[in-house]
Amino acid sequence: MCPKKDAIEVVFYLHYWDFLGPTLTKAVNLIFSTRHMPNEWTEEIIYMIPKSDARCDEISKWRPITVLNDVYKTVAKTIANRMRPLLPSIIHDTQSGFLQDRSIFDNIFLFWEMTALAKHHKQSLAILLLDFEKAYDKVDWTFWRQFS
4 MCPKKDAIEV
14 VFYLHYWDFL
24 GPTLTKAVNL
34 IFSTRHMPNE
44 WTEEIIYMIP
54 KSDARCDEIS
64 KWRPITVLND
74 VYKTVAKTIA
84 NRMRPLLPSI
94 IHDTQSGFLQ
104 DRSIFDNIFL
114 FWEMTALAKH
124 HKQSLAILLL
134 DFEKAYDKVD
144 WTFWRQFS
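The letter at position 2 of the sequence shown is residue 5 when you use the numbering used here, and the numbering goes up by one with no holes.
The following block contains the structure:
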């Protein structure tokens, strides 16, 4: 378990749910009705974790991990669960990652099928390879600072 800014772990909420549950439920319902969440609940801690045992003298050797408040995660999960029935109508069939009953590995299998089909028909296949590490490294920090 990662340490949180509020130092309260999920097991605490689970253990004392009979006492905390009604109050937290009221607080979360208030968030939905007012569309406002206390700033303290939206704060996060960003930890930098080394990607490997290699020397960590370059920023590309580190991976940022964000630790969020458990109440914030509960609200986010509630919103996600409420949106679940809408997802099939707003997310294209070709989107495969991070969705229930879909796997990012489906794209890998599709790639191999397309490659085999192109070879069989003796046709060329144009492939676009993206460097996702560089995509994630290019963050518009000016944009993000406006929210802090």
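Where is the CB? At the ideal position from N, CA and C, for every residue including glycine.
Runs of beta strand (DSSP E) lying entirely within the region 29-100, each at least 3 residues, in chain order
47-53 and 65-71
Which value, in whole angstroms, describes the spacing of the CA atoms of residue 33 and residue 21?
19 Å
Would you mind working out which of 75, 49 and 86 sits nearest residue 13, comparing C-alpha positions?
75
If you drop the 5 nearest sequence neighbours on each side, which residues of the same chain put their C-beta closer than 7 Å to that of residue 53?
59, 64 and 65
Considering only residues of the same chain and omitting the five flanking positions on each side of residue 71, which have a CB-CB separation below 7 Å?
47
Spatial neighbours of residue 90 within its chain, please: CB distance less than 8 Å, with the 5 preceding and 5 following residues excluded, ordered by chain position.
102
How big is the Cα-Cα spacing for residue 112 and residue 99?
11 Å
Tell whether a beta-carbon distance below 8 Å holds between residue 77 and residue 31.
yes
Could you tell me the distance, in whole angstroms, from the CA atom of residue 156 to the CA atom of residue 61?
Within the shown structure, residues of the chain are numbered from 4 to 151, placing residue 156 beyond reach of any answer.
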